[in-house]
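Novice: Before we start, here is the structure in question, set down as structure tokens.
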Amino acid sequence: MKSKEKRTKSSWKEKLLFWRADKDDILNENELDNFFKSLFVNAGSEKEIVLDLIKKRGIKSFLFYTDVRNIGYILKNGIQPTQEIVLNKDESYHVWGYNQKQDSSNLDFDISSRAHFWKWSADATIDTSKFCVIGIDPEKLAKTTTKDWIFDRSFGMINIIETIHFDTIKWILIRNEQYYSYANNIIKELGLEIKLYLSHDGLVKIGE
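Just so we're aligned: 90 in our numbering is position 15 of the sequence shown, and the numbers increase by one with no gaps anywhere.
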């Protein structure tokens, strides 16, 4: 019985690694500075440097935060700089300025403290029920992007100056049940290989 319980807990831990915040895993600013200083001696592209970093630190996903009302558009069009977003007359898109800019999109590391985001969301009085986080596969992103990445050292974020294709999305975490069902239907309809999670009162449900 104990062995089965241990395996169950281990399985859940593996599935929830995308939202890690273990103290020992958090990437601090000094560590990033030292790491990048050592790599810039033999500098290649910043994309190569970041890929080296994620391998050394076991980073599994890049994180993109958005309003859950954008999820249908993103699943069909990817994550775009705002200047590239094209809407139908009956569509709307709710831009979160923290990581979606006119000419780029910013991504967090999954082991970052996320302190900058939580401060921004508090200052912007974001409705937490509208919160949605999207996990991006770094390896797929590297293969599908043609332009070099930019590393924002002041915020510890990756700056992507082109559309992030929907095929790079590994998982999505949603707090709103209505949009969870909506996203689940789109994922099935388009045949996307994306894991969908519903977070409600601290519990996480995996999409069927």
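Virtual Cβ for every residue (Gly too), placed ideally from N, Cα, C.
Below 8 Å, can you find three or more Cβ-Cβ pairs linking the stretch 122-132 to the stretch 223-239?
Specialist: Contact between the stretch 122-132 and the stretch 223-239 is present, because at least three Cβ pairs lie under 8 Å.
Novice: For Asp-198, is the classification buried or exposed, using 16 other Cβ atoms within 10 angstroms of its Cβ as the cut-off for buried?
Specialist: Answer is exposed; the Cβ neighbour count stays below 16.
Novice: Between Ile-269 and Ile-244, how many whole angstroms is the CB-CB distance? I'm expecting something under 8 Å.
Specialist: 5 Å between Cβ atoms; contact.
Novice: I need the straight-line Cα distance from Ile-233 to Asn-145, nearest angstrom please.
Specialist: Ile-233 and Asn-145: Cα-Cα distance of roughly 21 Å.
Novice: Can you look up Asn-163 in the DSSP assignment and give me helix, strand or coil?
Specialist: Three-state result, Asn-163: coil.
Novice: Unbroken alpha helix (DSSP H) runs of length 4 or more, entirely within the stretch 162-239: which are they?
Specialist: Segments of the alpha helix (DSSP H) lying fully in the stretch 162-239: 190-198, 213-219.
Novice: Would you say Asn-181 and Ile-134 are within 9 Å of each other, going by their C-beta atoms?
Specialist: No, the Cβ-Cβ distance between Asn-181 and Ile-134 is not below 9 Å.
Novice: State the DSSP-derived secondary structure class of Ser-274, mapped to helix, strand or coil.
Specialist: Ser-274: strand per DSSP, three-state reduction.
Novice: Assuming Asp-127 is part of the alpha helix (DSSP H), what are its boundary residues?
Specialist: Its alpha helix (DSSP H) spans residues 121-132.
Novice: How big is the Cα-Cα spacing for Leu-138 and Ser-187?
Specialist: Taking the straight line from one Cα to the other gives about 10 Å.
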